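Q: Submitted below is the structure of interest, expressed as structure tokens.
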Amino acid sequence: MNPSQHQTTNNQQDVLLFSAQSNIEAKMIVTLLEAQGIPCRQISRGAGGYLNIALGSNMFGEDLYVTADMFDQAKKILQENLATMPEANLHDDSAQDQSLSPVVPDQKQQKRARLILWCLFGIPFVLIVILMLLVSFLRIYHSF
50 MNPSQHQTTN NQQDVLLFSA QSNIEAKMIV TLLEAQGIPC RQISRGAGGY LNIALGSNMF
110 GEDLYVTADM FDQAKKILQE NLATMPEANL HDDSAQDQSL SPVVPDQKQQ KRARLILWCL
170 FGIPFVLIVI LMLLVSFLRI YHSF
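In this text, residue positions in the sequence shown follow this note's numbering: the first is 50, and each later residue adds one.
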């Protein structure tokens, strides 16, 4: 299966329509398409889904998929309504290279994301391990 396509439950192919830079941009486009009667799926790239849950946003971007039979209509709607849309983000089903190129965050964003993830998950994990060791030590000490 082509990396720009996903299998849906009703055996239709979902085709990559647009790569949004943020969750907000993606939701705006999904709302626009659904208002026109075009179902659209939003899928986070990479670990973006986990970051959306933990941080409320992600640095990897969001991919928007529509069914193959709705692709041309959805593309036309986007071109008509989003004059400021970067042309590189709109995917063409006739393009030779359908591979997804990830949105590459700069080093400052990566460093900040690592720090936030460490604060959210690493520090509490270390504290829980220390607490468990302390409880085990106290149980052993009091059993004598």
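Every residue gets a Cβ at the ideal spot worked out from N, C-alpha and C, and that includes glycine.
None of these values were measured; they are calculated from a predicted model.
Note the first and the last residue of the continuous beta strand (DSSP E) segment covering S192.
A: It is not in any beta strand (DSSP E) - S192 instead sits in the alpha helix (DSSP H) that spans 172-192.
Q: Does the separation of the CB atoms of A117 and L66 fall below 8 Å?
A: No, Cβ-Cβ distance for A117 and L66 is not below 8 Å.
Q: Excluding the five sequence neighbours on either side, which residues of its own chain have a C-beta within less than 7 Å of the C-beta of W167, listed in chain order?
A: Same-chain partners within the cutoff: there are none.
Q: For D142 and Q62, I'd like the C-alpha separation in whole angstroms.
A: With a pLDDT of 49 at D142, under the threshold of 50, the modelled position of this residue cannot be trusted; read the value that follows with caution. Going by the C-alpha atoms only, they are around 12 Å apart.
Q: Ordered along the chain, which non-local residues of its own chain (more than five positions away) have a Cβ less than 6 Å from that of R192?
A: Per the sequence shown, residue 192 should be read as Ser rather than Arg. Result list for S192: empty, nothing under 6 Å.
Q: Throw me the rounded Cβ distance for the D121 and S68 pair, which I believe falls under 8 Å.
A: Not quite, the Cβ-Cβ distance comes to about 18 Å (not below 8 Å), so this is no contact.
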